[in-house]
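First up is the structure itself, then whatever we jot down about it.
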Amino acid sequence: MTKRLPGGLIDRSKPLTFSFNGRTMQGFAGDTLASALLANGQRLVARSFKYHRPRGIFSAGSEEPNALMTIGSGAFQEPNVRATVAELYEGLEAKSQNHRGPLSFDLMAVTDLLSPFLSAGFYYKTFMWPASFWEKFYEPVIRESAGLGELATTPDPSTYDKGFLHADVLVIGAGPAGLSAALAAGRAGARVILCDEDFIAGGRLNGEAHEVDGMPGAEWAEATIRELSELPNVRVLTRTTVFGVFDHGIFGALTRNTDHLAPGADGPRQTLWRITAKRAVLAAGATERPIAFAGNDRPGVMLAGSVRTYANRFAAAPGARIAVFTNNDDGWRTARDLTAKGVEVTALIDSRAVGERKAPGGIPLLTGTVVTGTSGRLGLASVTLSSGERIAADCLAVSGGWNPNVALTCHQRGRPRWDDMLAAFLPGADLPLGMAVAGAANGALTFGAALSSGRAAGEAAAADLGFSPVDAPMPKTDDEPYAVSPLWHVEGKGKAFVDLQNDVAVKDVKLAHREGYRSVEHLKRYTTLGMATDQGKTANVLGLAILAECAGKTIPETGTTIFRPPYTPVPIGALAGASRGQAFRPVRKTPSHRWAEAHGASFVEVGPWLRAEWFALPDETHWRQSVDREVVGVRNSVGICDVTTLGKIDIQGRDAGIFLDRVYANIFSTFPVGKVRYGLMLREDGFAFDDSTTARLGEMHYVMTASTANAVAVFRHLEFCRQCLWPDLDVHLISTTDAWAQFAVAGPNARKLLEKIVDPEVDISNDAFPFMACAEITVCGGVDARLFRISFSGELAFEVAVPSRYGNSLFGTLIEAGREFGAVPYGTEALGVMRVEKGHAVGAEINGQTTARDLGLGRMVSAKKDCIGKALADRDHLMEPGRPQLVGFKPVDRAASLVAGAHFLKEGAEPTMANDEGWMTSVCHSPTLGHAIGLGFIAGGLKRLGETVRAVDLVGGSDVAVEIVSPHFVDPEGVRLRG
Amino acid sequence: MIIPHPLLGPRDASEFVYLGDASLIDRPAPEAGIDAFHDYVYQRDNPAGAHRELWFHEHGDRSWLVVTRNTLTHEILAVELAKDVARRRGRGR
């Protein structure tokens, strides 16, 4: 540990051991991984994205483009961690990325030699032809070379949390301006949340040698945080990045709870906050920008303010002999602070003419001159000036000026405005709702100005909400001037990088301009400038300035860069929170779920529901055995199926009948109490929406069912009709889907079985309770129930509903009572087979593109009344006789199987769109008929019964001759269901 | 977004389902003809600015609301129960 300086905010009583590429190193609590690496003399830390050039630590904050590392191992391995914000902990394992072989001898560095061929737009220009090379060659090669770190390939063992916070005033950034703002608003009594991405509050106060109120800036920050923490109305969140500004004063923030602890720490690793704030003060500070010159990416070339931060805050010297290159006053501060810390500054190079000013501490001062090149293998050894002079330096601190962090002002499409004095973008006029900007983020780049503008913003926000500001003396601080003369890049031999993370050099920007990319948005997409994890925090303005220079325009004429969320990367795990695996979304279980689970059911997801798909017996090895047995069981005796998932909508009111007449295509108001009617609902555009049955339980009481998939949409639609179209109808709706467990009891023995269940006074004989009857009854000795004589299977069938809490028990009771008939439980597959055998349309047929006529249900649209969809159902092209109509299909070779999605072609016709006659929608093996059957739509429909066509599936490669038949394969006259 | 529900106060937009233009309230009379229904179903203005639109409080009280929203800023300018709007526009039974 040779590079430690005196002082700093590290805790020397807590040494920490960590490793970099397997080498053990020492740091202290309070270090970042970057500061600890610098203190250990590690300058080379990464290889660049495209050219694999050696790279070092460039900054001391979240803007870092170079020092991306992989931290942790195994399931905890996390790539692309910015070493500059990663807190050091005992046992931390860091690895460098993006190289083959050792970091100091990257085999991929050959790409740097090929760089003349890897200019802007290289991918677009090169991988154009031949097209067949894409999949086999180009893509694998690009994928192998692209990207930085590698993800762990096992599931993330960490947990993540989400939370909601509310504030009167959200203060973003706890530097001098943010602390003042929070203090002003907090003292006034407003509920304040103060967030800072760093692990200690203070911002630049921690990186500078300034005094505030006679104490070091960092101490003043600490004292202020102490006062804030004692205020009950203030919440301070460090390690928390406000990454996005959303509508109506909603902010996204991420707190890193345990990233500073060894992997596997207790509790959620990160918390994603949704903060709702009435006012916000953005005090996000400013980010220093570099100057582009040849070789400006050599390890050791760093931002000047960051060099100062490493020396002042982390007591780590980034070099032993440091040169400073600046175009503004801030660079001088770095020279001064380094000297004060006893670090040798070999030259202060200022591109400006500065008159009589003297460099601090007798540092050699070179003015009106610039750096034109650098040298040194794997790290800086010297810099060359425009005068030709060479200056020895193992670190070059570069300052091209400061860019206010305006990113969050742009998240609602705000556009920053250019300021010539600061040569930087400032927040524009169109700020997000309730936001004010203070301190360096608003261009107040000196301490005194930051403190006073922060206080003003905090007071204004509080006062706006009715809180009275408290009078307190303004903290005293030196207010050093900040003056800058823009200098964007220096001409010279060799690559001068604009965007270090994406390896975009000045020549790439110039080339893009020559090739016609005049918009900064196009420049970004063509060169990749400003993309990836740092989103061009140090590169964007520089790139824009160079583009402006090429175009001979001013920067504001050339464009502005605006920003979208997130400000810094947000892990997918944090966005998911606890919603992963089983908790990804709620599971709805049917009332008979427990019984089904105990009796061999396998389950299928149907929307949010888990439904039994079949009940395998121990000796059954293939699902078809189970399904065929269930179908045969129902058709020959009786079966029981849980149909609770169908939507149930209770409809009551004096006008309930009129309402149903208007939402259904057929008439409901005239059918008697105690009856069920099949209904078809249309959308207003005339296409079929959903089919269902509605039972009339009383004069003013109906119960509608809706298909499982459409239950929510139907209810929403009915409420729309009720509230928006006919607000004065006396009708009320409530969803009772979950209130009733409902089971189909189907098969020739269904009545015999149910007679054992219903209470003695209930007569369910065919005369008393015929097909399409319904009644409110009791079962099992007094349990309220509803009984419907409806059939989906085509057999004699009932559906019995009981309050959900009785569901599981009733299912078992039905099976028990049916034992003497060999009753089978059946699942969704058998249900589906029987509905295809009966030709009932479901979602595959009522798919939003088919009309009542297409479905063979044209007669259901009543001519006697209006209904939703009536007018547009009669449009000419929906009446065309050539529209495909629903029919059934049988393979000519009865042993052949059918495929849903196959298209119908005439015998001998080429498989082209022009020859397409329709498509297969549903297929199954019919155990009743002993061969495959299908439903589908074909032009001409029922007029073509008996004709043979081909069902062609070009994707799966099948071509089967099929006969067009009635869609009603089993019992077309409906004798069984009336029995 | 936060939608100030006329009955329930400020509610998060995630509790709602969006339908679209509030002109869907103005369903033509049954005898108005295909053209009138065609315009009703398919023709929409797409204003840059104030837009009256229907939102359904699905995870709430199941009210349909007419929300006036500035499409440029997402500012909510007014919220009413769709039922009240419908009545005002002459809809009844």
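Residue numbers (the UniProt record's numbering), protein chains in the order written: chain A, 1 to 979; chain B, 1 to 93.
Built from N, CA and C at the ideal position, the CB exists for glycine as well.
Inset, instruction - Report back the beta-carbon spacing between H411 (chain A) and V245 (chain A) to the nearest angstrom; my notes put them in contact at under 8 Å. - result: The Cβ separation is near 4 Å, so the contact holds.
Inset, instruction - My understanding is that F314 (chain A) touches I10 (chain A), with C-beta atoms under 8 Å, so please give their C-beta distance in whole angstroms. - result: Contact holds; Cβ gap of about 6 Å.
Inset, instruction - Measure the Cβ-Cβ separation of P647 (chain A) and A706 (chain A) and say whether it is below 8 Å. - result: The amino acid at residue 647 (chain A) is misidentified as Pro; the sequence shows Gly. A706 (chain A) sits close to G647 (chain A), with the two beta carbons spaced by under 8 Å.
Inset, instruction - State buried or exposed for L972 (chain A), treating a residue as buried only when at least 16 other CB atoms are found within 10 Å of its CB. - result: Checking the sequence shown, residue 972 (chain A) turns out to be Pro, not Leu. Classification of P972 (chain A): exposed, given that the 10 Å Cβ count is below 16.
Inset, instruction - Can you pull the chain B residues whose beta carbon is under 8 Å from the beta carbon of G711 (chain A), in chain order? - result: According to the sequence provided, residue 711 (chain A) is Ala. The question's Gly does not apply to it. Within 8 Å Cβ-Cβ: nothing; A711 (chain A) doesn't reach chain B, min ~12 Å.
Legend entry - Chain-ordered residues of the stretch 873-901 of chain A with a beta carbon less than 8 Å from chain B: Hits within the stretch, in order: D874, R875.
Inset, instruction - Under 6 Å Cβ to Cβ from V212 (chain A), same chain only, skipping five residues before and after it: list those, please. - result: Exclusion of the five residues before and after V212 (chain A) leaves W220, P475, T477 as the residues of its chain whose Cβ lies within less than 6 Å of its Cβ.
Inset, instruction - Starting from P803 (chain A), follow its DSSP beta bridges and name the residues at the other end. - result: DSSP, once it has assigned bridges, lists A:W740 as partnering P803 (chain A).
Legend entry - Alpha carbon of A407 (chain A) to alpha carbon of R564 (chain A), nearest angstrom: About 7 Å.
Inset, instruction - With a 10 Å radius around its C-beta and 16 neighbouring C-beta atoms as the bar for buried, classify P30 (chain B) as buried or exposed. - result: Per the 10 Å Cβ criterion, exposed.
Legend entry - Check whether G414 (chain A) and L431 (chain A) have beta carbons under 8 Å apart: Their beta carbons are under 8 Å apart, which means G414 (chain A) touches L431 (chain A) by this criterion.
Inset, instruction - Count the other C-beta atoms from every protein chain shown that fall within 10 angstroms of the C-beta of M913 (chain A), then say buried if there are 16 or more, exposed otherwise. - result: Answer is exposed; the Cβ neighbour count stays below 16.
Legend entry - As assigned by DSSP and simplified to three states, the class of K890 (chain A): In the structure shown, K890 (chain A) falls within a strand segment according to DSSP collapsed to helix, strand and coil.
Legend entry - Extent of the continuous beta strand (DSSP E) to which residue 1018 (chain A) belongs: Only positions 1 to 979 of chain A appear in the structure, and residue 1018 (chain A) is not among them; the question remains open.
Inset, instruction - Output yes if chain D places a C-beta closer than 8 Å to the C-beta of V17 (chain B); else output no. - result: The structure shown contains no chain D; the protein chains it does contain are A and B.
Legend entry - CB-CB length for N405 (chain A) against A286 (chain A), believed under 8 Å: Sure, about 6 Å apart at Cβ, within 8 Å.
Legend entry - Reference H57 (chain B); option with closest CA among A:R859, A:S958, A:H717: Ranked by Cα distance from H57 (chain B), the first of A:R859, A:S958, A:H717 is A:H717.
Inset, instruction - Report yes if the CB atom of L733 (chain A) is closer than 8 Å to the CB atom of I640 (chain A), and no otherwise. - result: Their beta carbons are not under 8 Å apart, which means L733 (chain A) does not touch I640 (chain A) by this criterion.
Inset, instruction - Measuring only between beta-carbons, confirm whether Q582 (chain A) sits less than 8 Å from chain B. - result: So, not an interface residue.
Legend entry - Own chain partners of T736 (chain A) with C-beta closer than 8 Å, once the 5 adjacent residues on each side are dropped: Cβ neighbours of T736 (chain A) beyond the five flanking positions: K648, I649, D650, V703.
Inset, instruction - Ignore the nearest five residues each way along the sequence and tell me which others in residue 1015 (chain A)'s own chain have a CB closer than 7 Å to its CB. - result: Within the shown structure, residues of chain A are numbered from 1 to 979, placing residue 1015 (chain A) beyond reach of any answer.
Legend entry - Sub-8 Å separation of A39 (chain A) and L68 (chain A) beta-carbons: Inclusion of A39 (chain A) and L68 (chain A) in the CB contact set at 8 Å is not warranted, their separation being larger than that value.
Legend entry - Beta carbon proximity, H732 (chain A) to chain B, threshold 8 Å: Proximity of H732 (chain A) to chain B, defined by a Cβ-Cβ separation below 8 Å, is not satisfied.
Legend entry - C-alpha distance - L7 (chain B) paired with F603 (chain A), whole-angstrom precision: Cα to Cα, the separation comes out at about 41 Å.
Legend entry - Cβ-based burial, Q43 (chain B) [other Cβ within 10 Å; buried from 16]: With fewer than 16 other CB atoms across the displayed protein chains lying within 10 angstroms of its CB, Q43 (chain B) is exposed.
Inset, instruction - Report yes or no: is there a C-beta of chain A within less than 8 Å of the C-beta of A82 (chain B)? - result: Against chain A, the CB of A82 (chain B) has a partner CB under 8 Å away; the residue lies at that interface.
Legend entry - Segment limits, alpha helix (DSSP H) that includes E837 (chain A): Where E837 (chain A) is concerned, the enclosing alpha helix (DSSP H) stretches over 828-838.
Inset, instruction - Excluding the 5 residues preceding and the 5 following R100 (chain A) in the sequence, name in chain order all residues of the same chain whose CB lies nearer than 7 Å to its CB. - result: For R100 (chain A), where only same-chain residues beyond five positions count, the Cβ hits under 7 Å are D106, L107, M108.
Inset, instruction - Can you tell me which of the three DSSP states M1 (chain A) falls into? - result: Per-residue confidence for M1 (chain A) stands at a pLDDT of 44, beneath the threshold of 50, marking its modelled position as unreliable; no derived number is given.
Inset, instruction - Step through the CB atoms of chain A and report whether any lies within less than 8 Å of the CB of H38 (chain B). - result: So yes, H38 (chain B) belongs to the interface.
Inset, instruction - Would you kindly work out how many angstroms separate the C-alpha atoms of I757 (chain A) and Y160 (chain A), rounded to a whole number? - result: Answer to the nearest angstrom: the Cα atoms are 50 Å apart.
Inset, instruction - Could you confirm whether any beta carbon from chain B is found closer than 8 Å to the beta carbon of M1 (chain A)? - result: Confidence at M1 (chain A) is low in this model, with a pLDDT of 44, below 50, so the placement of that residue is unreliable and no value is reported for it.
Legend entry - Neighbour flag for R716 (chain A) against chain B, beta carbons, 8 Å: Yes, because at least one Cβ of chain B sits closer than 8 Å to the Cβ of R716 (chain A).
Inset, instruction - Enumerate in chain order the residues of its own chain whose CB-to-CB distance from A871 (chain A) is below 8 Å, with the five nearest sequence positions on each side excluded. - result: Contacts found: G686.
Legend entry - Distance, G305 (chain A) Cα to M1 (chain A) Cα: The predicted position of M1 (chain A) is uncertain, since its pLDDT is 44 and thus under 50; no value can be drawn from it.
Inset, instruction - Run the CB neighbour count on S48 (chain A), radius 10 Å, all protein chains shown included, and call it buried at 16 or more, exposed below. - result: Taking a 10 Å sphere around the C-beta of S48 (chain A), we find 16 or more other C-beta atoms and assign the residue as buried.
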